[in-house]
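*Asks:* This is the structure, below, for whatever I ask next.
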Amino acid sequence: YRVSDGPIFLKICGESSCNGIVNDYTAVLAKKFGAALVSLEHRYYGKSSPFKYLTTENLRFLSSKQALFDLAVFRQHYQDYFNTKFNISSASSSWFVFGVSYSGALSAWFRLKFPHLTCGSLASSGVVLAVYNFTEFDQQIGESAGAECKAVLQEITKLVEEQLQSDGRSVKSLFSASMLSNDVDFLYFLADAAVTAYGNPDVLCSPLIDAKKNGEDLVEAYAHFVKDYYIDSFGTSVLSYDQHYLKNTTPNETAARLWWFQVCTEVAYFQVAPESDSIRSSKIDTRYHLDLCKNVFGEGIYPSVDMTNLYYGGTRIAGSKIVFSNGSQDPWRHASKQTSSEDLPSYLIKCHNCGHGTDLRGCPQEPLNIEGDATNCTSPEAVKKVRQQIIEHIDLWLSQCQDTGDDDEPGLFLTGKRMVSAL
102 YRVSDGPIFL
112 KICGESSCNG
122 IVNDYTAVLA
132 KKFGAALVSL
142 EHRYYGKSSP
152 FKYLTTENLR
162 FLSSKQALFD
172 LAVFRQHYQD
182 YFNTKFNISS
192 ASSSWFVFGV
202 SYSGALSAWF
212 RLKFPHLTCG
222 SLASSGVVLA
232 VYNFTEFDQQ
242 IGESAGAECK
252 AVLQEITKLV
262 EEQLQSDGRS
272 VKSLFSASML
282 SNDVDFLYFL
292 ADAAVTAYGN
302 PDVLCSPLID
312 AKKNGEDLVE
322 AYAHFVKDYY
332 IDSFGTSVLS
342 YDQHYLKNTT
352 PNETAARLWW
362 FQVCTEVAYF
372 QVAPESDSIR
382 SSKIDTRYHL
392 DLCKNVFGEG
402 IYPSVDMTNL
412 YYGGTRIAGS
422 KIVFSNGSQD
432 PWRHASKQTS
442 SEDLPSYLIK
452 CHNCGHGTDL
462 RGCPQEPLNI
472 EGDATNCTSP
482 EAVKKVRQQI
492 IEHIDLWLSQ
502 CQDTGDDDEP
512 GLFLTGKRMV
522 SAL
């Protein structure tokens with residue numbers, strides 16, 4: 102998409118392998134601004150593992166801090182390569198960084214820690230607040246699902262817990278999860294299955310509510326959803342919920358061990374059941390998470406939530422030129438910055454179908470197809486409005502980079518023409 106003297110857009114890859122540029126709204130923005138679009142895989146994930154085996158000792162270099170330094174080094178290296186390839190001067194191009202979810206947090210933190218290396222950042226659903234007991238997560242799922250669906254989900258949880266006591270093998274087999282010998286691992290898997298629909302709750306709720314009204318078996322109805330949507334369409338590996346599997350130190354496609362290490366050392370995000378009115382089982386508590394960390398990684402592994410928030414600022418992040426965006430039905434928004442200021446604008450996309458990363462990913466649909474298309478959102482105008490605001494911030498901050506001074510200043514950037522018209 103690059104035009105002469107155009108900016109460089111860096112899409113940060115998060116807690117999974119990075120298979121090139123994702124076909125989401127970032128590509129639309131790159132085309133609009135005439136930007137070169139590049140991405141960087143997070144250390145340890147995908148093909149970026151520095152070790153043959155992912156032992157706890159070998160994971161000591163896996164952290165958000167190290168990932169930020171990787172981004173800084175990559176940015177400098179790629180700029181040199183870019184200058185050589187296109188035979189341009191030593192002045193730096195305009196850079197802008199993008200990320201969603203954890204990589205959205207990295208995007209915000211990169212601008213915070215390396216403001217001289219980027220004109221700004223977009224933190225889509227950026228989870229900048231490390232949270233020890235994340236009860237708001239379950240509460241938001243209930244709110245997004247609605248009272249009727251929430252009551253059905255709570256009834257299903259109760260029925261599954263009862264069946265685990267009487268015939269655990271059968272109920273696990275019903276969900277194609279016989280390999281989960283730990284009952285709470287299984288209950289966590291079922292809780293997460295409901296979470297995947299937070300951007301499209303009707304896919305989850307409509308068949309369950311119908312099953313309730315028709316007197317059908319609710320557990321069987323939920324099992325159909327889990328297998329058809331969470332496993333088949335969403336591509337979830339049931340094994341990634343098995344603690345025995347998480348102890349496997351051989352790199353694999355799920356990367357679950359890697360993310361759990363970051364959870365268990367830095368950010369927690371423990372999605373525990375609230376004390377009352379919970380959808381997920383009350384057995385998914387703090388002790389379960391701490392025991393998992395100890396069982397999988399050994400003694401002495403504990404999430405340094407306070408230190409993480411002290412280092413980055415949490416939702417009190419004191420950076421500038423970072424735009425935050427969240428979907429109104431996204432449970433993760435409660436770990437993002439939701440207050441707005443001139444230097445740190447924050448937008449909430451409000452609609453029935455607006456979930457995780459809605460501004461970049463659009464709204465989920467069945468079959469799952471993430472292309473940044475807003476037509477599946479119940480309120481595409483709400484998405485379009487926030488996207489236009491994001492465009493205006495990018496345009497302004499790129500222009501300010503262009504006007505920052507003499508050649509010796511690290512803030513001097515080259516940028517292409519300004520583009521602020523709506524898509």
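Take 102 as the starting number for the sequence shown in this note's numbering and just add one per residue. Cβ atoms here follow ideal geometry from the backbone N, Cα and C, with glycine treated the same way. As the structure is a computational prediction, the values presented were derived from the model and not from experiment.
#1: Is there contact here, the segment 378–393 with the segment 414–430, by at least three beta-carbon pairs under 8 Å?
#2: Mind checking which residues open and close the alpha helix (DSSP H) that includes G200?
#3: By Cβ distance, which residues of its chain are closer than 7 Å to C365, with the 5 residues on each side in sequence left out?
#4: Would you check if the distance between the CB atom of I122 and the CB atom of S150 is smaller than 7 Å?
#5: Can you have a look at G107 and say buried or exposed, based on whether 16 or more other CB atoms are within 10 angstroms of its CB?
#6: Of all the alpha helix (DSSP H) runs that stay within the bounds of the segment 123–160, which reach a length of 4 or more residues?
#7: Under a three-way DSSP split, which group does V424 fall into?
#8: Using a Cβ-Cβ cutoff of less than 7 Å, which residues in the same chain neighbour Y323 once the five nearest sequence positions on both sides are dropped?
#9: What is the rounded straight-line gap between the Cα of K133 and the Cα of G463?
#10: Would you be able to state if there are at least three C-beta pairs under 8 Å between the segment 367–375 and the segment 233–253?
#11: For S193, name the three-state secondary structure that DSSP assigns.
#12: Within the 7 Å Cβ cut-off, does C119 reach chain C?
#13: Taking all protein chains shown into account, decide if L454 is buried (16 or more other Cβ within 10 angstroms of its Cβ) or exposed.
#14: Can you list, in chain order, the residues of its chain with a C-beta nearer than 6 Å to that of T156? Leave out the 5 residues immediately preceding and following it.
#15: If you scan the segment 220–273 from start to end, which runs of the alpha helix (DSSP H) of 4 or more residues do you find wholly inside it?
#16: Could I get the ranges of all uninterrupted alpha helix (DSSP H) runs contained in the segment 425–458, with 4 residues as the minimum, in chain order?
#17: Rank K186, V129, R103, S164 by C-alpha distance to the C-alpha of W361 and give the top, closest one.
#18: Alpha carbon to alpha carbon, how far is D181 from G205?
#19: My guess is that C306 and A246 are in contact by the Cβ rule of under 8 Å, so how many angstroms apart are they, rounded?
#20: Which residues in the same chain as G287 place their Cβ atom closer than 7 Å to its Cβ, once the five residues preceding and following it in sequence are excluded?
#21: Using alpha carbons as the reference points, say which of S338, C478, Q167 lies closest to P302.
#22: Could you tell me whether the segment 169–177 touches the segment 205–214, where touching means 3 or more Cβ pairs closer than 8 Å?
#23: Can you find the residues in the same chain that come closer than 7 Å, C-beta to C-beta, to R103, ignoring five residues on each side of it along the sequence?
*Replies:* This is what the structure holds:
#1: With a cut-off of 8 Å, the segment 414–430 and the segment 378–393 do not count as touching, because too few Cβ pairs lie within range.
#2: Taking the sequence shown and counting its residues from 1, the one referred to as residue 200 is at position 99. Run containing G200: none in the alpha helix (DSSP H); it sits in the beta strand (DSSP E), 196–201.
#3: Counting from one through the sequence shown, the residue named residue 365 turns up at place 264. The residues are C394, F398, I402, P404.
#4: Start at 1 with the first residue of the sequence shown, and residue 122 comes out as number 21. Start at 1 with the first residue of the sequence shown, and residue 150 comes out as number 49. Between I122 and S150, the gap from beta carbon to beta carbon reaches 7 Å or more.
#5: Taking the first residue of the sequence shown as position 1, residue 107 is located at position 6. Burial of G107 is indicated by the presence of at least 16 other C-beta atoms within 10 angstroms of its C-beta.
#6: Fully enclosed alpha helix (DSSP H) runs of 4 or longer: 126–134.
#7: Along the sequence shown, read from residue 1 onward, the residue named residue 424 stands at position 323. DSSP places V424 in strand when its eight states are reduced to three.
#8: Counting from 1 along the sequence shown, the entry for residue 323 is found at position 222. Correct list, in chain order: I257, L309.
#9: Working through the sequence shown from its first residue, we reach residue 133 at position 32. Working through the sequence shown from its first residue, we reach residue 463 at position 362. If you draw a straight line from the Cα of K133 to the Cα of G463, it comes to about 18 Å.
#10: The segment 233–253 and the segment 367–375 touch, with no fewer than 3 CB-CB distances between them shorter than 8 Å.
#11: Numbered from 1 along the sequence shown, position 92 holds the residue referred to as residue 193. Strand at S193.
#12: No chain C is present in this structure, which holds just one protein chain.
#13: Taking the first residue of the sequence shown as position 1, residue 454 is located at position 353. The amino acid occupying residue 454 in the given sequence is Asn; Leu does not appear at that position. Using a 10 angstroms sphere on the CB of N454, the tally of other CB atoms reaches 16 or more, which defines it as buried.
#14: The sequence position of residue 156 within the sequence shown is 55, counting from 1. T350, listed in sequence order.
#15: With a minimum length of 4 residues, the continuous alpha helix (DSSP H) runs that stay inside the segment 220–273 are 236–246.
#16: If we require 4 residues or more, the segment 425–458 turns out to have no alpha helix (DSSP H) run fully inside it.
#17: Residue mapping note: residue 361 aligns to position 260 of the sequence shown, counting from 1. Put simply, of K186, V129, R103, S164 the residue whose alpha carbon is nearest the alpha carbon of W361 is S164.
#18: Start at 1 with the first residue of the sequence shown, and residue 181 comes out as number 80. Start at 1 with the first residue of the sequence shown, and residue 205 comes out as number 104. G205 has its alpha-carbon roughly 25 Å from the corresponding atom of D181.
#19: Residue mapping note: residue 306 aligns to position 205 of the sequence shown, counting from 1. Residue mapping note: residue 246 aligns to position 145 of the sequence shown, counting from 1. Between A246 and C306 the Cβ distance is about 6 Å, and since that is below 8 Å, they are a contact.
#20: By 1-based counting over the sequence shown, the position of residue 287 is 186. Residue identity differs from the one stated: residue 287 is Phe in this sequence, not Gly. Cβ within range, chain order: K273, A278, L281.
#21: Within the sequence shown, numbered from 1, the residue matching residue 302 stands at position 201. For P302, the nearest C-alpha among the options comes from C478.
#22: The segment 169–177, when compared against the segment 205–214, does touch it at the 8 Å Cβ threshold.
#23: Within the sequence shown, the letter at position 2 stands for residue 103. Excluding residues within five positions, the ones whose Cβ falls inside 7 Å are G135, A136, A137.
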